[in-house]
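Here is the structure we will look at.
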Amino acid sequence: MTLTALPPSRDEVLAVLGNVIDPELGADIVSLGMVPGVEVADDGVVTVGIKLTIGGCPLRAEIKREVEERVGLHPGVADVRIDWGEMTADERSEVMSKARWHARDLAPDTEIPLSCQVLAIASGKGGVGKSSVTVNLATALAARGHTVGVLDADIWGFSVPRLLGIDERMQAERVDGAEKPKIIPNVKKVGAGQLKVVSTGFLVDESTALMWRGLMLTKAVEQFLADVAWGELDYLLIDMPPGTGDVQMGLARLLPRTSMVIVTTPARAAQKVAQRAADMAKRSFLPVIGVIENMSAFECDHGETYALFGEGGGAALAAAIDAPLLGQVPLEPAVAAGNDAGSPVAHGGGSAAAGMFRSIAERLSTEIAPPATGADVDMAGCSARLLEAVEAAFGDADAAPA
Numbered sequence: 065m066t067l068t069a070l071p072p073s074r075d076e077v078l079a080v081l082g083n084v085i086d087p088e089l090g091a092d093i094v095s096l097g098m099v100p101g102v103e104v105a106d107d108g109v110v111t112v113g114i115k116l117t118i119g120g121c122p123l124r125a126e127i128k129r130e131v132e133e134r135v136g137l138h139p140g141v142a143d144v145r146i147d148w149g150e151m152t153a154d155e156r157s158e159v160m161s162k163a164r165w166h167a168r169d170l171a172p173d174t175e176i177p178l179s180c181q182v183l184a185i186a187s188g189k190g191g192v193g194k195s196s197v198t199v200n201l202a203t204a205l206a207a208r209g210h211t212v213g214v215l216d217a218d219i220w221g222f223s224v225p226r227l228l229g230i231d232e233r234m235q236a237e238r239v240d241g242a243e244k245p246k247i248i249p250n251v252k253k254v255g256a257g258q259l260k261v262v263s264t265g266f267l268v269d270e271s272t273a274l275m276w277r278g279l280m281l282t283k284a285v286e287q288f289l290a291d292v293a294w295g296e297l298d299y300l301l302i303d304m305p306p307g308t309g310d311v312q313m314g315l316a317r318l319l320p321r322t323s324m325v326i327v328t329t330p331a332r333a334a335q336k337v338a339q340r341a342a343d344m345a346k347r348s349f350l351p352v353i354g355v356i357e358n359m360s361a362f363e364c365d366h367g368e369t370y371a372l373f374g375e376g377g378g379a380a381l382a383a384a385i386d387a388p389l390l391g392q393v394p395l396e397p398a399v400a401a402g403n404d405a406g407s408p409v410a411h412g413g414g415s416a417a418a419g420m421f422r423s424i425a426e427r428l429s430t431e432i433a434p435p436a437t438g439a440d441v442d443m444a445g446c447s448a449r450l451l452e453a454v455e456a457a458f459g460d461a462d463a464a465p466a
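Quick note on numbering: the sequence shown equals residues 65 to 466 in this note's numbering.
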């Protein structure tokens with residue numbers, strides 16, 4: 065083959081490879097760290113080293129074609145050769161972190177206002193009272209005069225409609241002359257504020273089992289974020305399903321400015337499981353802003369206190385993940401009674417648990433995650449603010465993937 069130009073430089077080849085996108089990870093192979101080396105020989109033969117996440121990657125042929133076509137277009141290239149490799153476990157983990165970081169920049173548009181504080185109430189396992197914490201915090205925030213959205217993202221195990229005493233079906237309407245109808249949240253007045261609530265429980269009967277796979281779950285959450293006329297919101301509280309699966313990963317991609325509150329019980333075993341939820345948040349670059357210990361000690365009528373579910377889980381989790389312990393909600397019948405009646409105890413209740421929920425809500429709204437006002441609203445989508453959030457979550461922005 066007769067060359068019509070000098071061979072390209074190594075930097076020129078890397079610039080071209082920066083346009084080769086890994087179709088599964090959604091970012092270019094250079095920034096992902098998949099190209100450990102490039103060699104350009106005097107005779108125009110270019111050898112590109114490429115490390116795949118696994119040796120048998122099904123996308124290998126597609127990446128090969130893209131690399132050969134793009135690099136081969138240079139008039140000084142006689143041949144393109146690929147030196148394949150496989151990543152180590154540490155390299156694979158780093159690549160996945162970089163891919164999740166890049167996904168933040170590709171987040172789709174949603175109907176959630178940029179000024180809204182988004183708090184995901186998460187846990188590592190079921191049975192810790194996460195939904196109860198969600199509705200009580202939402203109610204306490206609304207009672208302080210805020211407009212609070214409540215998104216029931218526990219698609220299979222929805223319980224928010226019953227806990228809030230709402231059973232109306234959601235309707236769809238055209239809002240402000242929009243071409244497509246939007247889902248209208250159910251609204252509940254709470255003191256000087258209000259709740260705007262969205263759940264699959266408003267679409268099906270309470271006894272209906274939703275037998276959906278992971279992709280449908282993620283699409284449902286995406287629709288609740290993009291196709292609901294949320295309007296003005298001070299807060300959006302998201303009742304997450306337990307664990308670290310599809311919905312959690314989908315939320316990190318769809319709404320990367322989310323902060324997480326982890327719920328655990330006093331049991332050390334529950335604390336260890338909840339720590340996985342915090343680890344998922346860190347890997348997805350979502351800051352954990354606090355821990356709530358639910359179902360803490362039970363106090364009987366004669367004043368004796370009993371640690372029915374153990375002690376120290378909340379404090380241990382908070383110390384392990386370097387997040388504040390926002391509060392310890394005692395175990396008491398009034399909470400369950402309020403939930404069963406659709407009237408969360410946080411609104412007007414005089415019990416210790418009611419006071420704790422109100423105390424946590426006050427701390428969130430005045431100290432940890434106050435609603436955006438004034439200049440904060442204008443700066444809510446600024447990249448500098450995103451950088452501040454990363455620094456707050458990880459201590460040093462330089463440690464975050466580029």
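Quick reminder that beta carbons are idealized off the backbone N, C-alpha and C, glycines included.
All values derive from a computational prediction rather than experimental measurement.
Counting along the chain, Ala379 sits inside no beta strand (DSSP E); it lies in the alpha helix (DSSP H) bounded by residues Gly377 to Ile385. With contact defined as three or more Cβ pairs closer than 8 Å, the region 188-198 and the region 237-254 are not in contact. Secondary structure of Leu281 (DSSP, three-state): helix. Rounded to the nearest angstrom, the gap between the Cα atoms of Pro408 and Trp294 is 22 Å. The residue from Ile85, Glu175, Ala398 and Ala256 with its alpha-carbon nearest to that of Gly413 is Ala398. For Ala202, same chain residues with a beta-carbon under 7 Å away, outside a window of 5 residues either side, are Val212, Val214, Leu259 and Leu301 in chain order. One Cα belongs to Glu133, the other to Met344, and the distance between them is close to 37 Å. If the five residues before and after Ala433 are omitted, its C-beta is found closer than 7 Å to the C-beta atoms of Gln181, Leu183, Ser323 and Ile353, all from its own chain and listed in chain order. Of all alpha-carbon atoms in Ala382, Asn358, Glu76 and Glu368, the one lying nearest the alpha-carbon of Ala400 is that of Asn358. Ranked by how close their Cα comes to the Cα of Asp147, the residues Ser179, Ser95, Asp365 and Val99 have Val99 in first place. Assigned with DSSP and collapsed to three states, Met98 falls in coil, not helix or strand.
Taken through DSSP and simplified to helix, strand or coil, Phe362 comes out as strand. Taking C-beta atoms under 8 Å as the contact rule, Gln335 and Ala380 qualify, at a distance of about 5 Å. Residue range Thr211 to Asp216 is occupied by the beta strand (DSSP E) that includes Gly213. For Asp106, the closest alpha carbon among the candidates Leu123, Ser73 and Leu89 is that of Ser73. Judged by their CB atoms, Leu281 and Ile185 are not nearer to each other than the 8 Å cut-off. Residue Phe362 holds the alpha-carbon nearest to the alpha-carbon of Ala416 among Phe362, Val135 and Val84. In this structure, Pro388 lies away from Ser360, with their beta-carbon atoms at least 8 Å apart. Looking from the CA of Ala341, the closest CA among Asp365, Gly307, Gly209 and Met313 belongs to Gly307. The beta carbon of Ile385 is closer than 7 Å to those of Gln339, Ala342 and Val352 in its chain, skipping five residues each way along the sequence. Pro394 is bridged by DSSP to Ser360. Sequence-distant partners of Thr264 (beyond 5 residues in either direction) whose C-beta falls short of 8 Å from its own C-beta, in its chain, are Asp216, Ile219, Phe222, Leu274 and Ala284. Assignment of Arg321 by DSSP, reduced to helix, strand and coil, places it in the coil class.
Between Pro249 and Val262 a beta carbon distance of about 5 Å is seen, short of the 8 Å cut, so the two are scored as contacting. A residue is called buried when at least 16 other Cβ atoms come within 10 angstroms of its Cβ; Arg129 does not meet this threshold and is exposed. Leaving aside the five residues that flank Ala142 on each side, the residues in its chain whose CB is nearer than 7 Å to its CB run, in chain order, Met65, Leu67, Asp107, Gly108 and Val109.
Apart from the 5 residues on each side of it in sequence, Phe288 sits with its Cβ closer than 8 Å to the Cβ of Leu215, Ala217, Ile247 and Val262 in its chain, given in chain order. Exposure of Lys253 is indicated by the presence of fewer than 16 other C-beta atoms within 10 angstroms of its C-beta.
The alpha-carbon separation between Gln312 and Glu426 amounts to approximately 27 Å. Burial of Ala204 is indicated by the presence of at least 16 other C-beta atoms within 10 angstroms of its C-beta. Boundaries of the beta strand (DSSP E) around Ala186: Gln181 to Ala186. Put simply, of Val94, Leu89 and Pro71 the residue whose alpha carbon is nearest the alpha carbon of Gly82 is Val94. In the displayed model, Ala91 falls within a strand according to three-state DSSP.
DSSP places Glu270 in no beta strand (DSSP E); its state is neither H nor E. Inclusion of Glu175 and Lys115 in the CB contact set at 8 Å is not warranted, their separation being larger than that value.
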